[in-house]
Amino acid sequence: MNMKNFIVTNLVLLSASLYTTCVAQKSEISNKNLTTIISKNFSDADAQYKIMMKELPKGRFPKTFEHDSLETSGPGWWCSGFYPGSLFYIYEHTKDTTLYNEDLRKLSELEQEQYNKTTHDLGFMMYCSFGNAYKIDSNKQFKNILINSAKSLSSRFNPKVGCIKSWDSKPTDFLVIIDNMMNLELLFWATRTTGDSSFYKIAVTHANTTMRNHFRPDYSSYHVVNYNPETGAVQQKRTAQGAADSSAWARGQAWGLYGFTVMYRETRDKKYLDEANHIADFILNNPSLPADKIPYWDFDAPNIPNALRDASAASVIASALLELSEYNNEMRAQKYIDVAKTIMLNLSTPKYKAAIGTNGGFFLKHSVGNMPEHTEVDVPLTYADYYFFEAMNRYEKLFGNKKKGLK
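Anchor point for the sequence shown: position 384 equals 512 in the numbering used here, and the numbering is continuous, going up by one each time.
In structure tokens form, the structure reads like this:
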């Protein structure tokens, strides 16, 4: 090598080294900024949920805040577990015993649902609440409630269909929604805890049937699949909350991403990792995904770019991507982490984050519940808060455990 080439080569290497150093320094600053924002967010969430706590009547759970009024539900509503679950995430960060005591109070009002066999949402209701409680305090009462909840959920499984029924309907219908992937985590917990493999087998069978019938060639998902309960044959594929039967309802895509990430965690079967990655690719490479990564309520909404955003879908996506990053190679993992960080940073701005004392005590604004039915449109939603708190909690744990992997 002549002197000229030697100098050029070393200048290139030096430039690359300086660039890498600058990127690393910038990433470190970015991580420090985000962890500071997360700390502030949990502090603000503590204040907000104390406001909400004072407005909640006995036996009622928050749903949304609309028309200057806090809307609540009884314990049997599918969202009832998110409020106590959110309290646990906030308590885990702030150690505020006021919230912990409120949590125990609401759990006592929710425990009756362990025997509820009329809903597929016991994972949302019981695992997001009692599951988080059990991680903090592994007492026998919480354990038994979760086991009974798993038994109740399992009662809705039809072996001919290979799925857990979502919505009760006429006898000739067996309706399954993509959301139901979120309830399988409770069943995996039950098998680990009791040694009874029947819960595990139901979860795996449900996931396999969903993989086969809910997803299109581009890995977008239908919302609802209607099976024949006697033969298991698919009778219809449609939407309930999306823009059209053929559209990609944003939160539905998020449920699928999260659900198949859990499937890989619990089974280590690579087909579930592949499925989760394919769903992630559909979401992240979608031309309708805005630059701030907060999706429109449907990726095929008719009035994009003027369509409403859905902070709840964004929160679920961020939380799922952070876990999914741990199961992938460095390049893919970094992409997932970067998107999750972008989502969390944007949800932490005043555009989406409510000022303390507003929004009925909810943390996030601008979610969409059911656009076709004109219910809970552009409002705060309890599950948007829950999955945002979970995403921030996961980021903190990931940053602590994998500092070099977070760039």
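Think of the CB as a built atom: it goes at the ideal place given N, C-alpha and C, for glycine as much as any other residue.
Since this is a predicted model, take the numbers as computed values, not measurements.
Alpha carbon to alpha carbon, how far is residue i from residue j?
| i | j | result |
| --- | --- | --- |
| ARG365 | PHE302 | First, the residue type needs correcting, since residue 365 is Lys and not Arg in the sequence shown. Cα to Cα, the separation comes out at about 12 Å. |
| GLN240 | LEU492 | 29 Å |
| ASP307 | VAL289 | 17 Å |
| VAL136 | THR486 | Note that VAL136 scores 37 on pLDDT, short of 50, meaning its location in the model is unreliable; the coordinates nonetheless yield the value given after this. Going by the C-alpha atoms only, they are around 60 Å apart. |
| PHE516 | ALA175 | 16 Å |
| PRO226 | TYR217 | Strictly speaking, residue 226 in this sequence is Thr, with Pro absent from that position. C-alpha separation (whole angstroms): 13 Å. |
| PHE258 | ASP513 | 17 Å |
| GLU194 | GLU504 | 8 Å |
| ILE445 | PRO287 | 31 Å |
| ASN354 | TYR386 | 22 Å |
| GLU172 | LYS298 | Looking at the sequence provided, one finds Asp at residue 172 rather than Glu. Rounded to the nearest angstrom, the two C-alpha atoms are 46 Å apart. |
| ASP489 | MET180 | Reading off the sequence shown, one finds Gly at residue 489, where the question assumed Asp. Near 5 Å, if we compare the C-alpha coordinates of MET180 and GLY489. |
| ASN336 | SER283 | 18 Å |
| THR192 | CYS207 | 10 Å |
| TYR347 | ASN267 | 41 Å |
| TYR177 | LEU509 | 13 Å |
| THR477 | ASP224 | 24 Å |
| GLN381 | GLN369 | 12 Å |
| ASP397 | VAL352 | 25 Å |
| SER236 | ASN457 | 43 Å |
| GLU96 | SER197 | Residue 96 lies beyond the residue range present for the chain, which begins at 129 and ends at 535; the question has no answer from this structure. |
| ASN521 | THR300 | 43 Å |
Give me the Cβ distance between residue i and residue j, rounded to the nearest whole Å; I'm assuming they're in contact under 8 Å.
| i | j | result |
| --- | --- | --- |
| ASP420 | ASN474 | 4 Å |
| LYS293 | HIS248 | 6 Å |
| SER443 | ALA519 | 6 Å |
| TYR219 | TYR228 | 5 Å |
| GLY213 | ASN260 | 5 Å |
For the alpha helix (DSSP H) that residue i lies in, which residues bound it at each end?
| i | result |
| --- | --- |
| GLN462 | 458-475 |
| PRO212 | 210-222 |
| LEU314 | 312-322 |
| TYR355 | TYR355 -> not in any alpha helix (DSSP H); beta strand (DSSP E) instead, spanning 352-355. |
| THR333 | 325-341 |
| ASN413 | No alpha helix (DSSP H) contains ASN413, which DSSP labels as neither H nor E. |
| THR503 | First-last for THR503: 503-507, but that is the beta strand (DSSP E), not the alpha helix (DSSP H). |
| ARG113 | Outside the displayed span of the chain (129 to 535) sits residue 113, for which this structure offers no information. |
| ILE305 | Looking at the DSSP string, ILE305 is not in any alpha helix (DSSP H); the run it does join, the beta strand (DSSP E), is 302-305. |
Consider the Cβ of residue i: report whether some Cβ of chain B lies at a distance smaller than 8 Å.
| i | result |
| --- | --- |
| PHE258 | Given the protein chain composition of this structure (a single chain), no chain B is represented. |
Keeping to the same chain, check which residues put their C-beta closer than 7 Å to that of residue i; ignore five residues upstream and five downstream.
| i | result |
| --- | --- |
| VAL332 | THR395 |
| ALA404 | LEU385, PHE388, THR389, TYR392 and LEU452 |
On the DSSP bridge list, what partners appear for residue i?
| i | result |
| --- | --- |
| TRP377 | ASP426 |
| LYS481 | LEU492 |
| GLU194 | SER197 |
| ASN405 | Beta-bridge pairing links ASN405 to no other residue. |
Please go through the same chain and pick out, in chain order, the residues whose beta-carbon is closer than 6 Å to the beta-carbon of residue i, but skip the five residues on each side of it.
| i | result |
| --- | --- |
| VAL496 | TRP425, LEU436, ASP438 and VAL505 |
| LEU113 | No statement about residue 113 is possible, as the shown extent of the chain runs from 129 to 535 and does not include it. |
| TYR400 | PHE388, MET391 and TYR392 |
Report all residues from its chain with a CB closer than 8 Å to the CB of residue i; omit the five preceding and five following residues, and keep chain order.
| i | result |
| --- | --- |
| TYR243 | ASN276 and SER280 |
| THR359 | LYS288 |
| ASP324 | ALA318 |
| GLU199 | PRO190, LYS191, THR192 and PHE193 |
What span of residues does the beta strand (DSSP E) with residue i cover, start to end?
| i | result |
| --- | --- |
| VAL362 | 362-366 |
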